[in-house]
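Inspection log for the structure reproduced underneath, given as structure tokens.
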């Protein structure tokens with residue numbers, strides 16, 4: 024199930040690939056990383072910097 028959750032987030036974020044990122048919240052920008060970290064039980068920031076020092080994706 025973990026793999027499916029990560030892939031669904033990546034696929035969903037693909038819809039935003041060609042849109043302006045200027046107003047996009049950091050939590051959305053980092054959602055795939057945060058989901059993978061959470062599902063794989065990795066510390067926040069393992070897969071990339073945590074925007075503004077906040078935990079993302081509902082952590």
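Residue numbers (the numbering used here): 24 to 82.
In this text, a Cβ means the ideal position worked out from N, Cα and C, and glycines have one as well.
Small disclaimer: the values here were computed from a predicted structure and weren't measured.
Item: N- and C-terminal bounds of the alpha helix (DSSP H) containing residue 57; Value: 54-62
Item: Rounded separation between residue 81 and residue 61 - CA only; Value: Note that residue 81 scores 47 on pLDDT, short of 50, meaning its location in the model is unreliable and no value can be drawn from it.
Item: Reduced DSSP secondary structure (H/G/I, E/B, other) of residue 73; Value: coil
Item: Inter-residue spacing [alpha-carbon to alpha-carbon] between residue 27 and residue 63; Value: 12 Å
Item: Simplified DSSP state of residue 30, which is helix, strand or coil; Value: helix
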